[in-house]
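Before any comments, here is the structure.
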Amino acid sequence: MYRLKQFKWHIVLVLICLCLGSIIYKLTQPVTSPAGETFVISVKPGMAANEIGELLKEQGAIKSVFVFHVVAKSQGLANSLQAGEYVLTKDMTVQQIVAMLAKGQRLYQQITIPEGYTVEQIAKLIQEKQLGSAEKFQQLAQRATPFTYMANQNPNVVYKAEGFIFPDTYQINKGTTEEQLLSMMISQFDKEFNESMRSRAKQMGFSIKDVIILASLVEKEAQIEADRPIIAGVFINRLKLGMPLQSCATIQYILGYPKAELSVQDTEIPSSYNTYQHMGLPPGPIANPGIAAINAVLYPKETQFVYFVADQEGAHHFSKTYDEHLAAIEEVRK
């Protein structure tokens with residue numbers, strides 16, 4: 001009798017499990033049939049799985065918040081659901097929605113271009129973010145001249161887009177091409193370099209390209225915010241006095257990597273970008289400067305300084321004479 005009762009209970013438990021399984025399965029299925037309605041949800045940073053479930057339920061994308069949480073938990077993805085905007089359809093299963101949120105298959109992907117990045121660094125970042133081919137982006141950057149101030153550049157300039165790719169955070173739609181990416185970033189530069197800036201450049205006797213070349217030098221030389229307008233002033237003083245700019249940053253651009261301390265041999269490398277060997281500005285920008293560096297050139301600090309050297313903390317020491325400069329170098333080395 002005891003065994004019979006135990007067997008009956010086993011049957012009941014099996015039936016309960018089957019019923020629960022059937023209910024859960026039904027609750028994981030799409031809300032509508034194929035060709036469901038498309039909609040966008042915005043998952044905020046820090047949202048828990050149940051909060052995301054509530055959001056999906058409000059949109060009519062799932063049938064049960066509890067089941068959504070159970071599926072995410074059972075797959076070990078409850079803490080891996082990523083923030084962002086997603087395009088979903090109401091013919092998706094709960095499992096498909098969880099997988100999409102866990103993989104971060106967003107409506108758009110975000111990419112931040114740091115100030116001072118070169119074309120090659122930007123191209124590498126784009127490929128790392130799986131937004132396009134680094135090689136294709138570089139090829140496009142070699143010949144991109146959508147605005148008149150980018151045309152008629154020195155033949156020694158490898159990337160005509162260098163300096164005109166604005167450092168910013170961009171939201172990239174899925175399927176965006178490398179050409180569209182480059183166009184977006186150059187167009188943002190054209191927008192940011194506003195009429196007031198253009199008027200100021202003209203007042204100073206500089207073309208837009210001249211400003212960006214100088215700003216790229218300032219961007220790469222300055223490590224402290226307060227030094228930017230002073231370094232810009234030093235470069236402008238040198239141009240007025242007919243002195244070579246002697247920017248270490250131009251040598252590093254030639255080398256293709258940041259070398260902490262340059263040798264005499266480095267400063268003798270034959271290149272039109274070598275500001276130790278050639279007077280005036282280099283043929284083109286050596287990086288893509290941000291607004292702070294651009295404004296430093298447009299509104300430089302008026303001083304009599306014509307020399308500077310950086311200490312180990314990145315702060316620059318400025319001098320009016322060569323003897324003062326040598327003394328500053330000696331002090332920095334101590």
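Using full-length UniProt numbering, you'd call the opening residue of the sequence shown number 1 and step up by one each time.
Glycine residues also receive a C-beta, built at the ideal position from the N, C-alpha and C atoms.
The structure presented is a predicted model; accordingly, all values stated were derived computationally and were not measured.
Based on the DSSP output, what are the partners of residue i in its beta bridges?
| i | result |
| --- | --- |
| I172 | Q109 |
| H316 | A310 |
| residue 337 | Nothing can be reported for residue 337: it is not among the residues displayed for the chain, which extend from 1 to 334. |
Buried or exposed, going by whether 16 or more other CB atoms sit within 10 Å of the CB of residue i?
| i | result |
| --- | --- |
| M92 | buried |
| D227 | buried |
| I97 | buried |
| T169 | exposed |
| residue 349 | Summary: the structure shown does not reach residue 349, with the chain confined to residues 1 through 334, and so no result is reported for it. |
| I23 | Because the pLDDT of I23 is 48, which lies under 50, any placement of that residue in the model is unreliable, and the number read from its coordinates should be weighed accordingly. Exposed, because fewer than 16 other Cβ atoms sit within 10 Å of the Cβ of I23. |
| A260 | exposed |
| T275 | buried |
| E331 | exposed |
| R106 | buried |
| T321 | exposed |
| S247 | buried |
Tell me whether residue i sits in a helix, a strand or coil according to DSSP, three-state version.
| i | result |
| --- | --- |
| V264 | coil |
| I23 | With a pLDDT of only 48 at I23, under 50, the local geometry of the prediction cannot be trusted, and the value read off the model is given with reservation. If DSSP states are grouped into helix, strand and coil, I23 belongs with the helices. |
| S33 | Low local confidence applies: a pLDDT of 49 at S33 is under 50, so the model's placement there is unreliable, and no value is given. |
| E324 | helix |
| L88 | strand |
| M279 | coil |
| L13 | Low local confidence applies: a pLDDT of 47 at L13 is under 50, so the model's placement there is unreliable, and no value is given. |
| P270 | coil |
| M100 | helix |
| T250 | helix |
| N288 | coil |
For residue i versus residue j, is the C-beta spacing smaller than 8 angstroms?
| i | j | result |
| --- | --- | --- |
| V158 | A215 | no |
| I165 | I212 | no |
| residue 363 | E221 | With the chain covering 1 to 334 only, the question about residue 363 has no answer from this structure. |
| V94 | I62 | yes |
| G284 | E162 | yes |
| H317 | D323 | no |
| L131 | L182 | no |
| V43 | Y108 | no |
| I224 | A287 | no |
| Q75 | Q171 | no |
| I113 | P146 | no |
In the stretch 119-207, which residue ranges form an unbroken alpha helix (DSSP H) of at least 4 residues, counting only runs that do not cross its ends? Taking 4 residues as the minimum length, the alpha helix (DSSP H) runs contained wholly in the stretch 119-207 are 119-128, 134-143, 178-192, 195-204, in order along the chain.
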